[in-house]
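Residue numbers (the working numbering): 12 to 348.
We put the CB at the ideal spot given by N, CA and C, even for glycine.
Encoded as structure tokens, the structure appears first; notes follow it.
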């Protein structure tokens, strides 16, 4: 465990920037960019500085999330990174929204694995009336039976749909920005960055928390990653999942994502500096790109998905529990920031 219990000597810029952030002064875009461009030899110092921010707001706690692919494939969008898009040839399961018993059984597994939040996900441009009704029916039952918080990821939402999700008990809605506004047309053409921002505003106006993050490794520049981090900060997003591209064969981005473990750690650290009080989740692709350095990510991030992702496998839950315990951290069932 990094020893940062006491105030360090200010000997590098990362400590200075951490001091500023802890004093309530936001990091500049210039310094955020410098974090992404830090040499590998600086990564430990960067994580130590970022851990001071993480510890102030989240202590040594880790919150677990459980993903449930309630509807798979069949998506009309052309998101280039996604195995479920209309232009993907990846062999993924294809089914409409699951029945009540299946969704309840997944909630039971989420509860047994120590997850606080059950993420109910459908592949779609946005939910149709049948899907909205199914969510409205199952959410109160899951909450009553298992006491889980619910994060719904249903695609683009109207204001009226967001209000209905709030009314049925949804706590958060996930809708990732995925990349910067400037880079967005390179990864999707069937909807825009502005469409995604509008959905988040509907979620916020309905009184739910916003869960939104992105994917690193899609051919973006460092400036794009910084821009996304600041856009999330300005929107007031409460929970940020940071994914590392799993370049699935059959998608336009197969063969992409030349990321090193240190690239991933630098990105996580930058997001912590820019969004000091926000829950930061190490998400899809961590097993592929962080590999043996996954535990290091928890020095700045404070949550994980436990189990599998939408169409790809995660590491065994027990490996996550062991990693968290070995780090001297503990799983919390308290809702995030």
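Determine, using beta-carbon pairs with one atom in the region 228 to 244 and one in the region 183 to 193, whether at least three such pairs fall under 8 Å.
Touching, yes.
How long is the line joining the alpha carbons of residue 268 and residue 253, rounded to whole angstroms?
Here residue 268 refers to the residue found at position 257 of the chain shown. Here residue 253 refers to the residue found at position 242 of the chain shown. Rounded to whole angstroms, residue 268 to residue 253 spans 14 Å at the Cα level.
If you draw a straight line from the C-alpha of residue 109 to the C-alpha of residue 95, how long is it?
For this step, residue 109 is matched to residue 98 along the chain shown. For this step, residue 95 is matched to residue 84 along the chain shown. So the two alpha carbons sit approximately 16 Å from each other.
Sort 61, 55, 52 by Cα distance to residue 38 and report the nearest one.
Here residue 38 refers to the residue found at position 27 of the chain shown. When each option's Cα is compared against that of residue 38, the closest is 61.
Note down the Cα distance separating residue 50 from residue 220, rounded to an integer number of angstroms.
Reading the chain shown from its first residue, position 39 is the one you call residue 50. Reading the chain shown from its first residue, position 209 is the one you call residue 220. Cα-Cα distance, rounded: 36 Å.
For residue 82, does the count of other Cβ atoms within 10 angstroms reach 16, so buried, or fall short, so exposed?
Walking along the chain shown from the start, residue 82 turns up at place 71. Classified as buried, residue 82 has 16 or more neighbouring CB atoms from the shown chains inside 10 Å of its CB.
Between the region 110 to 129 and the region 56 to 73, do three or more beta carbon pairs fall short of 8 Å?
no
For residue 321, tell me which candidate among 336, 303, 344, 294 has the shortest Cα-Cα distance.
The count along the chain shown starts at 1 and reaches residue 321 at position 310. For residue 321, the closest C-alpha among the options 336, 303, 344, 294 is that of 294.
Burial state of residue 99, where buried means 16 or more other Cβ atoms lie within 10 Å:
As a first step, residue 99 is located in the chain shown; it is residue number 88 there, counting from the start. Within 10 angstroms of the beta-carbon of residue 99 lie 16 or more other beta-carbons, which makes it buried.
Just mark residue 80 as buried or exposed, buried being the case when its beta carbon has 16 or more other beta carbons within 10 Å.
Indexing the chain shown from 1 puts residue 80 at position 69. With 16 or more other Cβ atoms within 10 Å, it is buried.
Which residues bound the beta strand (DSSP E) around residue 36?
Taking the chain shown and counting its residues from 1, the one referred to as residue 36 is at position 25. Unbroken run through residue 36: none, as it is neither H nor E.
Is residue 135 buried or exposed, if buried means 16 or more other CB atoms sit within 10 Å of its CB?
On the chain shown, residue 135 is found 124 positions in, with the first residue counted as 1. Residue 135 is classed as buried because its beta carbon has at least 16 other beta carbons within 10 Å across all chains shown.
Buried or exposed by the 16-neighbour rule on C-beta atoms within 10 Å, applied to residue 128:
Locating residue 128 in the chain shown gives position 117, where the first residue counts as 1. Flag for residue 128 reads buried.
By Cβ distance below 7 Å, which residues in the same chain neighbour residue 167 in space, the five residues on each side in sequence not counted?
Looking up residue 167 in the chain shown gives position 156. So the list reads 136, 137, 202, 206, 210, once near-sequence residues are dropped.
For residue 26, does the count of other Cβ atoms within 10 angstroms reach 16, so buried, or fall short, so exposed?
Your numbering for residue 26 matches position 15 in the chain shown. Residue 26 sits buried, since 16 or more C-beta atoms from the chains shown fall within 10 Å of its C-beta.
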